[in-house]
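In the UniProt record's numbering, the protein residues as written are 1 to 508.
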């Protein structure tokens, strides 16, 4: 979510051309929205909502101050009332004592009025007068306390009403803010058509052969995936991996984790579900309807993760990270769950766009200073390229057009592998720089609450979500560790070095 200060006016210093910083920043958000072919009006809606929120928040603070002042005055008055009551009670005790002494003198039937009797009478009159004054003071103070209590109740009612109004405006404001995409980087190609994605580089030979076996027939021939049984058990897009399919998937996962660990990544096996409140901070609103499975049952709402990026994003949520700890590199491994509601009718055959799959992610946190996140961005796509070079898949790296960027990304590269059977490139890796404008708030002692995040899918195992997935298949049980073949070759493929012998070499 972008920093709200990007939308506020009257806060920035003026530049030489006379435009204050904040005007430039809000215009920058508008231009970014235009680049995304998204609503620009939403920027003005956010500005208006923010102005409403700040005004009502100011009113709310005034009411809170009024309540505090009234409560403080009530407390002081009650204290005075207690003091008056104590003095009144003391005088009543003195009154009682003097009345008893005067009664005793009267019982002795002394002739005339002696001096002691005169003094007692004078003192008693003074006490009676004081008691009358204290009683009057108490009556007045009790009335004032009652008035203050009534005023306090009225203020509390106004406070509750205003708090509800402020919360409502804040919810609308945050909802609008979450619908705004990150600032599109100036180097991103501007288009709303992915046909205009810019190819940055290619590697490997694109094999173009006829009569290649598709992955469904190949998986059936090698008996490594049970499609029909998977659909019977799990419904549409369900599947079982079996035999060497299980070993192959695990081999790719282990190879990918070792590959990234040797490049300085810390390994994380993440939770499979997240609390709703936490997920809402890590997922786009559209994902809740189109992608995320809700976990029902007792207790708070939870959602199955669609990617380990989500749980890794929340790993440091609210934590203070010292600059000396940066950069942080995580290789996250998890099973992922996606409804794929938005892909009805697309890639329905085989194990494309499945609802459950394993995936390894690169997730890095850098300093917001300088070019750190962009250097990490390039490092991560290089990791992905080196991985696919290691196993011999031809690929191309493309820069995704502005209109196809997800909201979190400022820029995104896709690594697309060549699929000879379908004579096309398909995405295997997405690498995004999620540089955020809300990242450089100083917390103190050089610490920062949130840093820039760079995310990318570094490894695609045997089964992947979306339009991803590639197939390396075992030659036979005779091998001590399965050798792997390019699965879309008509003759079951060309022999490659077994992944069991690759230890995820570093920058080779």
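Note that beta-carbon positions come from the ideal geometry of N, C-alpha and C, so glycine has one too.
Apart from the 5 residues on each side of it in sequence, residue 177 sits with its Cβ closer than 8 angstroms to the Cβ of 1, 2, 4, 46 in its chain, given in chain order. Where residue 201 is concerned, the enclosing beta strand (DSSP E) starts and stops at 198-203. In terms of Cβ geometry, residue 156 and residue 60 do not form a close pair [threshold 9 angstroms]. Within the stretch 400-443, the runs of beta strand (DSSP E) that reach at least 3 residues and sit entirely inside it are, in chain order, 411-419, 424-433. Beyond the five residues adjoining it in sequence on each side, residue 295 comes within less than 7 angstroms, by CB distance, of 273, 302, 303, 304 in the same chain, given in chain order. Contact between residue 349 and residue 216 holds: their C-beta atoms lie close to 5 angstroms from each other, under 8 angstroms. Runs of the alpha helix (DSSP H) lying entirely within the stretch 163-238 and spanning at least 4 residues, in chain order: 215-222, 227-234.
Note on geometry: alpha-carbon atoms of residue 256 and residue 324 lie some 28 angstroms from one another.
Counting along the chain, the unbroken beta strand (DSSP E) around residue 365 starts and ends at 356-366.
Secondary structure at residue 1: coil, using DSSP grouped into helix, strand and coil. Taking 4 residues as the shortest admissible run, the stretch 284-333 contains the following complete alpha helix (DSSP H) segments, listed from N- to C-terminal end: 285-290, 308-313.
In this structure, residue 418 lies near residue 204, with their beta-carbon atoms less than 9 angstroms apart. Bounds of any beta strand (DSSP E) do not take in residue 252; it lies within the alpha helix (DSSP H) bounded by 244-261. With the rule of 3 Cβ pairs closer than 8 angstroms, the stretch 399-416 does not count as touching the stretch 159-167. No Cβ-Cβ contact shorter than 9 angstroms links residue 180 with residue 410. Taking the Cα positions, residue 328 is about 15 angstroms away from residue 369.
Secondary-structure assignment with DSSP links residue 398 through a beta bridge to 199, 414.
In the DSSP annotation of this structure, the continuous segment of the alpha helix (DSSP H) that includes residue 387 starts and ends at 372-391.
Take residue 231, set aside five residues on each side of it, and the residues of its chain with a beta-carbon closer than 6 angstroms to its own are 238, in chain order. As computed with DSSP, residue 275 is found in a beta bridge with 302.
The alpha-carbon separation between residue 407 and residue 78 amounts to approximately 57 angstroms.
Annotation: the continuous beta strand (DSSP E) that includes residue 267 extends over 266-269. For the 9 angstroms CB-CB criterion, residue 394 and residue 201 do not form a contact.
Closest by C-alpha distance to residue 402, out of 190, 234, 258, 365, is 190. Taking all protein chains in view, the Cβ of residue 149 is surrounded by fewer than 16 other Cβ atoms within 10 Å, so the residue is classified as exposed. Taking all protein chains shown into account, residue 72 has fewer than 16 neighbouring C-beta atoms within 10 Å of its C-beta and is therefore exposed. Counting the other CB atoms within 10 Å of its CB gives residue 171 a total below 16, which places it among the exposed residues.
Residues 287, 291, 292, 336, 337, 338 of the same chain have their beta carbon placed closer than 7 angstroms to that of residue 306, with the five preceding and five following residues left out of the count. Residue 31 and residue 279 have their C-alpha atoms spaced approximately 29 angstroms apart. Between the alpha carbons of residue 276 and residue 56 lies a gap of roughly 28 angstroms. Within the DSSP bridge table, the entry for residue 152 names no partner. For residue 243, the CB contacts under 7 angstroms within the same chain, skipping 5 residues up- and downstream, are 223, 224 in chain order. Residue 269 and residue 358 have their C-alpha atoms spaced approximately 11 angstroms apart. When secondary structure is reduced to three states using DSSP, residue 240 falls in the strand class. Contact check for residue 362 against residue 241 fails: the beta carbons are separated by 9 angstroms or more.
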